[in-house]
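Beneath this line is the structure, given in structure tokens, with notes to follow.
Protein chains: 2
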Amino acid sequence: MRKVAIVGIGHGKFGVRSDASLRELVFEAVKACLEDAGVTLDEVDSMVTGVACDEFSFGIQPSAQVHDYIGFYPKPNYRVEAACATGSVALRTGWMNIVSGLADLVLVVGVEKMTEVSTSVATEIMGRAGDAIWEYPFGTTFPGYYAMIANAHMAEYGTTEEQLAMVAVKNHYYGCLNPYAHMQKEVTLEKALTSFPVAYPLKLYDCSLITDGAAAVLLASEERARAISKKPVWMVGLGLATDTLRLGDRRSLTSLSAAREAARVAYKMAGIGPMDIDVATVHDCFTIAEIVAYEDLGFCEKGEGGKLIEARETYVGGRIPVNVDGGLKSKGHPLGATGVSMAIEITKQLRGEAGSRQVKDPEIGLTHNVGGSGQIALVHIFRRE
Amino acid sequence: MRKVAIVGIGHGKFGVRSDASLRELVFEAVKACLEDAGVTLDEVDSMVTGVACDEFSFGIQPSAQVHDYIGFYPKPNYRVEAACATGSVALRTGWMNIVSGLADLVLVVGVEKMTEVSTSVATEIMGRAGDAIWEYPFGTTFPGYYAMIANAHMAEYGTTEEQLAMVAVKNHYYGCLNPYAHMQKEVTLEKALTSFPVAYPLKLYDCSLITDGAAAVLLASEERARAISKKPVWMVGLGLATDTLRLGDRRSLTSLSAAREAARVAYKMAGIGPMDIDVATVHDCFTIAEIVAYEDLGFCEKGEGGKLIEARETYVGGRIPVNVDGGLKSKGHPLGATGVSMAIEITKQLRGEAGSRQVKDPEIGLTHNVGGSGQIALVHIFRRE
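In the order they appear, the protein sequences are chains P and Z. Here the first sequence is numbered in this note's numbering, starting from 4 and rising by one per residue. Here the second sequence is numbered in this note's numbering, starting from 4 and rising by one per residue.
Here is the structure:
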């Protein structure tokens, strides 16, 4: 099997980007990515565009907006989608392009322009990533889905509202150290705990953000990677798994079985286990999701996720630093961009370029990206030389 | 490079399917596909779902509806999209899954449920697959885009309204022989020519249909293909190319340069030329599009497409039979399903199972699938043993 590495990264500023359209957000990320890699667009063979939703940005076939605006035509580009895990399916598709021999150098772009509609409309659109027949019409939106998960976790394992809030405190702390993050504001435990309720037990600071943003990485075959980069970051494990559409059809609410299965597949492919991971970015769309991710990825025993954050083991310097770029919680969650942004943080960490939030000399990193309420999950494992 | 073959095909009935939801349409096609291949869903490793547009069917992440309803979880599945060429990018992604070694048996599904919204809303949604900033807001919808192409072709090459109508006559004739086609009605040249104007010179019978439908194929690695099928149909050439978003940015209106480039790449990969093709399905979203496709694929000289249909060379028995399944024009055009449906017709032809519309002993077939007004095109070449 051909080896594939990340040889370039470009992260746009996440936030309310009323200054830029979807295509302009992509331009910003692609330009930074190509500059980082030191290659020109002419050298790139193919492209994959991840956009989660047509309805945010008033235009179907968003991939065409992108290849037109950056001037990539006539070369291949198309869109992939898996709700909030869209960025990671874009990476997987880019990887397949290279391993199958169709391309040697592939640009993977993730983007979402979410703030062109109101927050309530955005919440409604996202709600339909659950079951649009049996869940959403009865009033469930994403805070509701994850509130059910949180309640179940609290009931079964004694996880506390304080532990949820501790995830927010950590991720806001690191968001302040990440210039590309949407929120640049620390939050105290008390402020998080007393913020207004969204869906019990989730409060304002338990929820991730509605954000505009784009991120791009350049993938290369082994030969090209060695020619281009002094610090290639190899994609050594890829796992993708799916689950039922409806939360109520799951065997358990306290775990996302798609994430557990994706992790199993990715660990096996990489030939490693959870204890080999030095740094991770996980899908903290809500604080409870990060705690569940600790458990699903095997960073701790089932039910022990709350204690892991309480012991500050997921801070830099802890046993397994998680979301030290701010996570979805503070960096923001432009759906299509998130999976690509996660891979960028891991690349920075493995290159030793994460500045004030650098983990000490990590060798292996992991991304965990969930679509919808867990209908799909992808786990990717990266390794430096 | 690993070889990939189609070893199973399943075509749902195309039409106004008020009897079935999107997920039910897929079930119908997948069931037929697995029965055709003689394998169970348990044996399938991975799946790709092609759906063009969120907005037709009130639910983002449509791939999750599909893998949930057919019971495919926890195995991999995600959505790909390229407007009207969505089905062909699904095939390409399925092919990459196998060639990259991620899977040996991949189910490729294309589906669209278009009639849940009104015809005018559907037309508006599709119009946005053009440039939603610089074209669509000024009133252009798809008949308008292709009317401009038709006018340019008539002005430059003397193509006539009669020649356009002859494409409709042929495709309606063959639609009557295809039980899965939306329209089962022959049309005379006179009736086509006197049907009501939609966008000059295009009349009602120059336009394809708004249709519900699903189609599925099963792809297999060489080893699995030989074990499963007596008549594997090999995917031997894949071409994908892109073009500008806006029609007005193109160098020519009388050719789709993405299609020409995709054909060049596919022919090269297959090691053949246009004259080696025995049967083809092309993207006749409008009658002019079929005439342009003849030329872009090299079936005739530039500007000679009108004469090719006039000489009936694209009928069964002619030099290069095209769209003898009825084409988008008569079979219908459920966006996400179309590319997969095209591959099914070619598979039937190469297996010698096309019944009353069988081309005599074809060895090599081609599909030509265009997204939007030509922002993307895919050409696939298939070969029997």
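A virtual CB, placed ideally from N, CA and C, is assigned to each residue, including glycine.
(message) I believe P:TYR208 touches P:SER224 by the beta-carbon criterion, under 8 Å. Please report the beta-carbon distance rounded to the nearest angstrom.
(response) Taking the first sequence and counting its residues from 1, the one referred to as residue 208 of chain P is at position 205. Taking the first sequence and counting its residues from 1, the one referred to as residue 224 of chain P is at position 221. About 43 Å separates the two Cβ atoms, so there is no contact after all.
(message) Quick check: what's the CA-CA separation for Z:VAL388 versus Z:ASP364?
(response) As a first step, residue 388 of chain Z must be located in the second sequence, where it is residue number 385. As a first step, residue 364 of chain Z must be located in the second sequence, where it is residue number 361. In the sequence as displayed, the identity of residue 388 of chain Z is Glu instead of Val. For Z:GLU388 and Z:ASP364, the gap between their C-alpha atoms comes out near 12 Å.
(request) Flag this pair as yes or no: are the beta carbons of Z:LEU221 and Z:ALA40 separated by less than 8 Å? (result) Taking the second sequence and counting its residues from 1, the one referred to as residue 221 of chain Z is at position 218. Taking the second sequence and counting its residues from 1, the one referred to as residue 40 of chain Z is at position 37. A contact, by the Cβ cut-off of 8 Å.
(message) Within 8 Å of any Cβ in chain P, is that where the Cβ of Z:GLN64 sits?
(response) In the second sequence, counting from the first residue as 1, residue 64 of chain Z sits at position 61. Interface residue, yes.
(message) For Z:LYS194 and Z:SER123, what's the separation of their Cα atoms in angstroms?
(response) What you label residue 194 of chain Z is simply residue 191 of the second sequence in a count that begins at 1. What you label residue 123 of chain Z is simply residue 120 of the second sequence in a count that begins at 1. Approximately 24 Å, taken between the alpha carbons.
(message) Run through chain Z and tell me which residues come within less than 8 Å of P:PHE75, C-beta to C-beta.
(response) Taking the first sequence and counting its residues from 1, one reaches residue 75 of chain P at position 72. Within 8 Å Cβ-Cβ: THR245.
(message) Does any residue of chain Z have a CB that is nearer than 8 Å to the CB of P:PRO79?
(response) Here residue 79 of chain P corresponds to residue number 76 of the first sequence, with the count starting at 1. At a cut-off of 8 Å between beta carbons, P:PRO79 contacts chain Z.
(request) Report the residues of the region 40-59 of chain P with a CB closer than 9 Å to any CB of chain Z, ordered along the chain. (result) Under the 9 Å Cβ criterion, the region 40-59 of chain P contributes SER49, MET50, VAL54, ALA55, CYS56, ASP57 and GLU58.
(request) Starting from P:PHE385, trace the beta strand (DSSP E) both ways and give me its first and last residue. (result) What you label residue 385 of chain P is simply residue 382 of the first sequence in a count that begins at 1. Counted as a single uninterrupted DSSP element, the beta strand (DSSP E) harbouring P:PHE385 occupies residues 379-387.
(request) Look up P:TRP98 in the DSSP assignment and say whether it is helix, strand or coil. (result) Your numbering for residue 98 of chain P matches position 95 in the first sequence. Three-state result, P:TRP98: helix.
(request) Determine the DSSP secondary structure at P:CYS179, reduced to helix, strand or coil. (result) Here residue 179 of chain P refers to the residue found at position 176 of the first sequence. P:CYS179 falls in the coil class under three-state DSSP.
(message) Rounding to the nearest angstrom, what Cα-Cα distance links Z:ASN174 and Z:GLU226 in this structure?
(response) In the second sequence, the residue the question calls residue 174 of chain Z occupies position 171. In the second sequence, the residue the question calls residue 226 of chain Z occupies position 223. Rounded to whole angstroms, Z:ASN174 to Z:GLU226 spans 37 Å at the Cα level.
(message) Strictly below 7 Å CB to CB, what residues from chain Z border P:HIS70?
(response) Position 67 of the first sequence, counted from the start, is the residue given in the question as residue 70 of chain P. Here the neighbours are THR245.
(request) Label P:LYS334 either buried or exposed according to how many other C-beta atoms from any shown protein chain fall within 10 Å of its C-beta, with 16 as the threshold for buried. (result) If you number the first sequence from 1, residue 334 of chain P lands on position 331. Counting the other Cβ atoms within 10 Å of the Cβ of P:LYS334 gives 16 or more, which makes it buried.
(request) Quickly, what does DSSP pair Z:TYR81 with across the bridge? List them, please. (result) Translated into the one-based positions of the second sequence, residue 81 of chain Z becomes position 78. Answer is Z:VAL51.
(request) Decide if the region 90-108 of chain P is in contact with the region 56-69 of chain P; the criterion is three or more beta carbon pairs, one per stretch, under 8 Å apart. (result) In short, these stretches do not touch, since the Cβ pair count stays below three.
(request) Would you mind stating whether P:MET272 and P:GLY240 have Cβ atoms separated by less than 8 Å? (result) Translated into the one-based positions of the first sequence, residue 272 of chain P becomes position 269. Translated into the one-based positions of the first sequence, residue 240 of chain P becomes position 237. Here P:MET272 is near P:GLY240, since their CB atoms are less than 8 Å apart.
(message) Quick check on DSSP: helix, strand or coil for P:PRO65?
(response) Counting from 1 along the first sequence, the entry for residue 65 of chain P is found at position 62. Here P:PRO65 carries a helix assignment [DSSP, helix/strand/coil].
(request) Kindly say whether P:GLU264, judged by its beta-carbon, lies nearer than 8 Å to any beta-carbon of chain Z. (result) Against the first sequence, residue 264 of chain P aligns to sequence position 261. At least one chain Z Cβ lies under 8 Å of P:GLU264.
(request) Taking 8 Å as the cut-off, decide whether the C-beta atoms of Z:LEU108 and Z:ASP48 are in contact. (result) By 1-based counting over the second sequence, the position of residue 108 of chain Z is 105. By 1-based counting over the second sequence, the position of residue 48 of chain Z is 45. The answer is yes: Cβ separation under 8 Å.
(message) Three Cβ pairs or more, each shorter than 8 Å: is that satisfied between the region 278-286 of chain P and the region 347-363 of chain P?
(response) Yes, they touch.
(message) Give me the subset of the region 105-128 of chain P whose CB atoms are less than 8 Å from a CB atom of chain Z, sorted by chain position.
(response) Those residues of the region 105-128 of chain P that come within reach of chain Z (Cβ to Cβ, closer than 8 Å) are LEU105 and ILE128.
(request) Say whether chain P places a C-beta atom closer than 8 Å to the C-beta of Z:GLN187. (result) Position 184 of the second sequence holds residue 187 of chain Z. Z:GLN187 is outside the set of residues whose beta carbon lies under 8 Å from a beta carbon in chain P.
(request) Have a look at the DSSP bridge pairing and note the partners of Z:TRP237. (result) Indexing the second sequence from 1 puts residue 237 of chain Z at position 234. In the DSSP assignment, Z:TRP237 forms a beta bridge with Z:ALA8 and Z:ARG386.
(request) Determine the closest residue to Z:ARG82 out of P:ILE231, P:HIS383 and P:GLY374, with distance taken between C-alpha atoms. (result) Stepping through the second sequence from its first residue, residue 82 of chain Z is reached at position 79. It is P:GLY374.
(request) Report yes if the CB atom of P:GLN166 is closer than 8 Å to the CB atom of P:ILE294, and no otherwise. (result) Indexing the first sequence from 1 puts residue 166 of chain P at position 163. Indexing the first sequence from 1 puts residue 294 of chain P at position 291. Closer than 8 Å, so yes.
(message) For Z:LEU248, would you say it is in contact with chain P, using Cβ-to-Cβ distances shorter than 8 Å as the test?
(response) The residue labelled residue 248 of chain Z in the question sits at position 245 within the second sequence. Judged by the 8 Å Cβ criterion, Z:LEU248 is in contact with chain P.
(request) Kindly indicate if chain P contains any beta-carbon less than 8 Å away from that of Z:MET4. (result) If you number the second sequence from 1, residue 4 of chain Z lands on position 1. By this cut-off, Z:MET4 is an interface position.
(message) Is there a C-beta anywhere in chain Z that falls below 8 Å from the one on P:ALA23?
(response) If you number the first sequence from 1, residue 23 of chain P lands on position 20. Using a CB distance cut-off of 8 Å, P:ALA23 does not count as an interface residue toward chain Z.
(message) Can you give me the C-alpha to C-alpha distance between Z:THR52 and Z:VAL114, rounded to a whole angstrom?
(response) The residue labelled residue 52 of chain Z in the question sits at position 49 within the second sequence. The residue labelled residue 114 of chain Z in the question sits at position 111 within the second sequence. Cα to Cα, the separation comes out at about 8 Å.
(message) Below 8 Å on the Cβ atoms is my contact criterion, and I expect Z:TYR418 with Z:PHE289 to pass it. Report the Cβ-Cβ distance as a whole number of Å.
(response) This structure cannot settle anything about residue 418 of chain Z, because the visible part of chain Z is limited to 4 through 388.
(request) Could you name the residues of chain Z that P:THR96 contacts, counting a contact when the two beta carbons are closer than 7 Å? (result) The residue you call residue 96 of chain P lines up with position 93 of the first sequence. Here the neighbours are THR96.
(message) Which residues in chain Z have a C-beta closer than 7 Å to the C-beta of P:GLY375? List them in chain order.
(response) By one-based count along the first sequence, residue 375 of chain P stands at place 372. Residues of chain Z with a Cβ closer than 7 Å to the Cβ of P:GLY375 are, in chain order, GLN64 and ALA67.
(request) Round the Cβ separation of Z:ALA219 and Z:VAL112 to the nearest angstrom and send it over; I've been treating them as touching at under 8 Å. (result) The residue given as residue 219 of chain Z occupies position 216 in the second sequence. The residue given as residue 112 of chain Z occupies position 109 in the second sequence. Taking 8 Å as the upper bound for CB-CB distance, Z:ALA219 and Z:VAL112 are in contact here, some 5 Å apart.
(message) Just to confirm, is the Cβ distance from P:ALA261 to P:GLN187 under 8 Å?
(response) Against the first sequence, residue 261 of chain P aligns to sequence position 258. Against the first sequence, residue 187 of chain P aligns to sequence position 184. Cβ atoms of P:ALA261 and P:GLN187: not closer than 8 Å.
(request) Check the DSSP bridge columns for P:LYS116 and list the partner residues they point to. (result) Within the first sequence, residue 116 of chain P is the residue found at index 113, counting from 1. Answer is none; P:LYS116 lacks a bridge partner.
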